[in-house]
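Every number in our numbering is 69 more than the matching position in the sequence shown, counting from 1.
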Amino acid sequence: MNTEHYHLLSDVMAPEAQQESREILWERLQSALSASEFSLQYYPLWGKTGHLQGAEIQVRWHHPHYGLLQPAQFLSAVIQCDLAGALFGWIAAQSLPLLRRLRQEVYPDFYLSLTLPLSLAEQVDTFTVWRQALVAHDLPCSALALIWQGALGQNVEAAQLAGLRRVQQQGYAVALTEYGADYHLLTALPDLPLDHLYIPAALVALLPHPEAMLLVKLLLDLAEKMGIRCIAQGVDDIQRFECLSTAGCRHFQGAYLFRPMSAHQLLVMGRLLAESEDEAASRS
């Protein structure tokens, strides 16, 4: 089989996939890691006054045949072939030295987040590589927030719930971005092991529509009652920022202030903002 014309998803994910396919993907992934075909960007999370609070890790694969691949195009295949640990190890090696510097130089509680498919929550052993890397960099597990993306049923499956609880018990922050069709899962949120809630970008895009505002306020109220952070995604303009701020939101992500950036750009931006805040504090 020609590895350059190997179809990443359909061949590996098909029920009849052979061991040969998995071995080819393993070899291709190892080659991609050594050839620097993967890259990371960081999408800042910011507070009401614009100070940096954290950043979402965004991984991309610059595949020589298929071009730029988003995680949705390769992550499921990587997990199916039990290669998540290798990829996570590379992400940790790239991102955790940066995180340590950001916590030392910018904000002591700065954290990184990573979006993962909900199915992975049941495979807690996969996160051993993260735990070891965090310990090696003298960082707490709470410095990494895991954002679970996927369909939770009307009744959350026991295995999913147990997986989320184990992840949280290990010290990671747990977050959700999806709440089911018509937001039917909202009533179950207080029973879930969560540290963050997200106001989805699709909902933020509907602001200032009254029904969208009602849902936004409901999510903010739920987060407050649960004692957890509520973060608005897709805050791309001043109108939506002001709508969310008026509703009581204090944590944001979106192009209104910051777009995804490289590690160097994030560190420089963080330093500049920290220096500006220090100067403002000294004048007050």
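C-beta atoms are modelled at their ideal positions from N, C-alpha and C, and glycine is treated no differently.
### Query
Residue ranges of each alpha helix (DSSP H) run of no fewer than 4 residues wholly in the stretch 221-281, ordered along the chain?
Counting only runs that start and end inside the stretch 221-281, the alpha helix (DSSP H) elements of at least 4 residues fall at 227-238 and 270-273.
### Query
Based on the DSSP secondary-structure assignment, which residues constitute the bridge partners of residue 125?
Stepping through the sequence shown from its first residue, residue 125 is reached at position 56. Under the DSSP definition of a beta bridge, residue 125 partners with 112 and 182.
### Query
Should residue 298 go down as buried or exposed, given a rule of 16 or more other Cβ atoms within 10 Å for buried?
On the sequence shown, residue 298 is found 229 positions in, with the first residue counted as 1. Buried, by the Cβ-count rule.
### Message
Looking at residue 109: is its Cβ nearer than 9 Å to the Cβ of residue 153?
### Response
The residue labelled residue 109 in the question sits at position 40 within the sequence shown. The residue labelled residue 153 in the question sits at position 84 within the sequence shown. In this structure, residue 153 does not lie closer than 9 Å to residue 109 by Cβ.
### Query
Excluding the five sequence neighbours on either side, which residues of its own chain have a C-beta within less than 7 Å of the C-beta of residue 331, listed in chain order?
Taking the sequence shown and counting its residues from 1, one reaches residue 331 at position 262. Taken in chain order, the residues that qualify are 110.
### Query
Can you give the Cα-Cα distance for residue 100 and residue 106, rounded to whole angstroms?
As a first step, residue 100 is located in the sequence shown; it is residue number 31 there, counting from the start. As a first step, residue 106 is located in the sequence shown; it is residue number 37 there, counting from the start. Between residue 100 and residue 106, the C-alpha separation is close to 8 Å.
### Task
Tell me where the beta strand (DSSP E) around residue 300 begins and ends.
Within the sequence shown, residue 300 is the residue found at index 231, counting from 1. In the DSSP assignment, residue 300 falls within the beta strand (DSSP E) that extends over 298-301.
#### Entry: Proximity of residue 218 and residue 187 at Cβ, strictly below 9 Å
Position 149 of the sequence shown, counted from the first residue, corresponds to residue 218. Position 118 of the sequence shown, counted from the first residue, corresponds to residue 187. The beta carbons of residue 218 and residue 187 sit closer together than 9 Å.
### Query
Roughly how many whole angstroms lie between the Cα atoms of residue 338 and residue 346?
As a working note, residue 338 is residue 269 in the sequence shown. As a working note, residue 346 is residue 277 in the sequence shown. Spanning the alpha carbons of residue 338 and residue 346 requires a straight line of approximately 12 Å.
### Query
residue 181 and residue 212 look like a contact to me (Cβ under 8 Å); what is the Cβ gap, rounded to whole Å?
Residue mapping note: residue 181 aligns to position 112 of the sequence shown, counting from 1. Residue mapping note: residue 212 aligns to position 143 of the sequence shown, counting from 1. Going by Cβ atoms, the distance from residue 181 to residue 212 rounds to 7 Å, so yes, they are a contact pair.
### Message
Do residue 308 and residue 276 count as a contact pair if the criterion is CB distance below 9 Å?
### Response
What you label residue 276 is simply residue 207 of the sequence shown in a count that begins at 1. What you label residue 308 is simply residue 239 of the sequence shown in a count that begins at 1. Cβ distance < 9 Å, so residue 276 and residue 308 count as in contact.
### Query
For residue 113, is the classification buried or exposed, using 16 other Cβ atoms within 10 angstroms of its Cβ as the cut-off for buried?
Against the sequence shown, residue 113 aligns to sequence position 44. With 16 or more other Cβ atoms inside 10 Å of its own Cβ, residue 113 counts as buried.
### Message
So for residue 214, helix, strand or coil by DSSP?
### Response
Reading the sequence shown from its first residue, position 145 is the one you call residue 214. Of the three classes helix, strand and coil, the one that applies to residue 214 here is strand, per DSSP.
### Task
Report buried or exposed for residue 324, applying the criterion of at least 16 other Cβ atoms within 10 angstroms of its Cβ.
Walking along the sequence shown from the start, residue 324 turns up at place 255. Counting of Cβ neighbours within 10 angstroms places residue 324 among the exposed residues, the total staying below 16.
### Message
So for residue 72, helix, strand or coil by DSSP?
### Response
Indexing the sequence shown from 1 puts residue 72 at position 3. Unreliable placement is indicated for residue 72, whose pLDDT of 42 sits below 50; the coordinate value is still reported in the next sentence. It is helical.
### Beta-carbon proximity check, residue 248 vs residue 279, cutoff 9 Å
Taking the sequence shown and counting its residues from 1, one reaches residue 248 at position 179. Taking the sequence shown and counting its residues from 1, one reaches residue 279 at position 210. 9 Å or more divides the Cβ of residue 248 from the Cβ of residue 279.
### Residue(s) in a DSSP beta bridge with residue 130
Sequence index remark: in the sequence shown, residue 130 carries index 61 (1-based). Per the DSSP secondary-structure output, residue 130 pairs in a beta bridge with 107 and 138.
### Query
If we call anything under 9 Å between Cβ atoms a contact, is residue 303 one with residue 281?
Working through the sequence shown from its first residue, we reach residue 303 at position 234. Working through the sequence shown from its first residue, we reach residue 281 at position 212. Their beta carbons are not under 9 Å apart, which means residue 303 does not touch residue 281 by this criterion.
### Query
What separation, rounded to the nearest whole angstrom, lies between the Cα atoms of residue 210 and residue 137?
Locating residue 210 in the sequence shown gives position 141, where the first residue counts as 1. Locating residue 137 in the sequence shown gives position 68, where the first residue counts as 1. So the alpha carbons of these two residues sit roughly 30 Å apart.
### Task
Please go through the same chain and pick out, in chain order, the residues whose beta-carbon is closer than 8 Å to the beta-carbon of residue 123, but skip the five residues on each side of it.
Position 54 of the sequence shown, counted from the first residue, corresponds to residue 123. Answer for residue 123: 113, 114, 179, 180, 181, 182 and 214, listed in chain order.
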